[in-house]
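Here is the structure we will look at, set down as structure tokens.
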């Protein structure tokens, strides 16, 4: 492990992550606590946060608390081991990331409630279902052989989706609606479609039609909604995106996921016998792809806004695995964006315009690991995975944030990060 970690630091510096430029922790660097060292099941099967500094122990190879003198937790532990063994472990049991991937999968399993609600984390302000995060969770589960769980996640999205194909920013885990008055986020429609395509593709060929039928409502509503949103010039109206802030201008973080969904839709709709809808989605995908390349590409280098070149992590969304092939100029723009988004501990911020508080965000860092692995940059992918591995909590969970001094912070685990790590290692393995 120490040798791999050293390699990662050298390579990340070479990639322009700003380790030297930032220097040591300074007065601008934010301080934030770690809210929990991980998540677990207690002896009753209830999900609980494991407090920082807790002496709690887990059953080996599980996220189940080991409570002396009880037998119920033994049974739960066996169930979790059996669940993990029922699928595949990207990278293999002897691979360099075996522990991190196994822990990430177990965390996803623990955060997945019986009705398909894939909550972002267990700490109270994160105990909601974001369609974006849930889409990544579904794909990670499908690609590791947990297809029924993936379908449960998408089934939850199917139940909460509005008739016009739109989604709220997030939902209560019981599916009763949003927890507050946040504006809907248009990217959810695209992410749901993209995830549906990935989940169907992960099935054996003879099962794909049946699985697509289970997702018919989600697919047809999302495709119709995405086509309607891009009907004029290929670009949807402005919407909040993964930054979770109000926007007056269209962001790449909104339109790129919609394009990903539109690219996935035709094959899904054809499986369902919806040839007219498939043709409409294919036309919309071509129109939107051209609009994104025109408005966000060229001199704007796939920055956050059309006509503006501020680098943003959404540049990852115009590359595989989200698009069938890179948009024109997207690979170079994505590669260049990391330097502007670098943070002192070695990870990335959501974008170059994000507040310069010294905090690395693991969702974006793991996203860049995934895109590197999918686009022929295995050394870069491994460097970012090594960094993530080195900044897990004492319980092995992947935190949402890493402070300038390298300390894990905020919630742990974060489902979006765990899913991206699983997918990144799988892409390297493939």
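Numbering (my numbering), first residue to last: 1 to 430.
Cβ atoms here follow ideal geometry from the backbone N, Cα and C, with glycine treated the same way.
Please read these numbers as outputs of a predicted model, since none were measured by experiment.
Go ahead and pull the three-state DSSP assignment for residue i.
i	result
residue 334	helix
residue 237	coil
residue 91	coil
residue 305	strand
residue 421	helix
residue 360	strand
residue 403	coil
residue 275	helix
residue 390	helix
residue 192	helix
residue 84	helix
residue 34	strand
residue 58	strand
residue 232	coil
residue 118	strand
residue 65	strand
residue 319	coil
residue 97	coil
residue 148	helix
residue 137	helix
residue 71	coil
residue 163	coil
residue 396	coil
residue 292	helix
residue 242	coil
residue 373	helix
residue 430	coil
residue 2	With a pLDDT of only 30 at residue 2, under the threshold of 50, the placement of this residue in the model should not be trusted, and no figure is reported.
residue 52	coil
residue 178	coil
Between the Cα of residue i and those of the options, spot the shortest distance and give me the residue it belongs to.
i	options	result
residue 184	162, 175 and 202	162
residue 165	138, 148 and 187	187
residue 145	32, 199 and 241	199
residue 386	271, 213, 58 and 100	100
residue 77	93, 110 and 50	110
residue 31	330, 240 and 360	360
residue 413	374, 363 and 341	363
residue 262	189, 352, 62 and 45	189
residue 150	91, 123, 212 and 167	212
residue 265	304, 248 and 324	324
residue 208	271, 172, 246 and 249	271
residue 352	55, 114, 370 and 312	312
residue 316	279, 284, 366 and 356	366
residue 80	197, 219 and 63	63
residue 304	238, 46, 137 and 182	238
residue 61	124, 430, 396 and 171	396
residue 399	114, 123, 58 and 59	123
What does a CB cutoff of less than 6 Å around residue i pick up in its chain, not counting 5 residues either side in sequence?
i	result
residue 104	418, 421 and 422
residue 314	252, 253 and 256
residue 234	287, 288 and 291
residue 120	126, 130, 133 and 415
residue 326	319
residue 168	178 and 184
residue 394	37
residue 117	129, 156 and 173
residue 337	311 and 315
residue 143	202 and 426
Since residue i and residue j should fall inside the 8 Å C-beta cutoff, what is the C-beta to C-beta distance between them, to a whole number of angstroms?
i	j	result
residue 401	residue 390	Between residue 390 and residue 401 the Cβ distance is about 15 Å, and since that is not below 8 Å, they are no contact.
residue 193	residue 222	4 Å
residue 236	residue 229	4 Å
residue 330	residue 302	6 Å
residue 277	residue 224	7 Å
residue 175	residue 160	5 Å
residue 108	residue 140	6 Å
residue 84	residue 106	6 Å
residue 195	residue 281	About 16 Å separates the two Cβ atoms, so there is no contact after all.
residue 274	residue 220	7 Å
To which residues of the same chain is residue i closer than 7 Å at the C-beta, ignoring the five residues directly before and after it?
i	result
residue 42	48 and 65
residue 214	151
residue 427	370, 373 and 374
May I ask you to list the residues that DSSP assigns as paired with residue i?
i	result
residue 171	129
residue 251	305
residue 47	41
residue 342	348
residue 408	402
residue 443	Only positions 1 to 430 of the chain appear in this structure, which leaves residue 443 out of reach.
residue 112	118
residue 431	The chain is shown only over 1 to 430; residue 431 falls outside these bounds and no answer can be derived.
By Cβ distance below 8 Å, which residues in the same chain neighbour residue i in space, the five residues on each side in sequence not counted?
i	result
residue 44	72
residue 51	36 and 37
residue 246	183 and 240
residue 68	none
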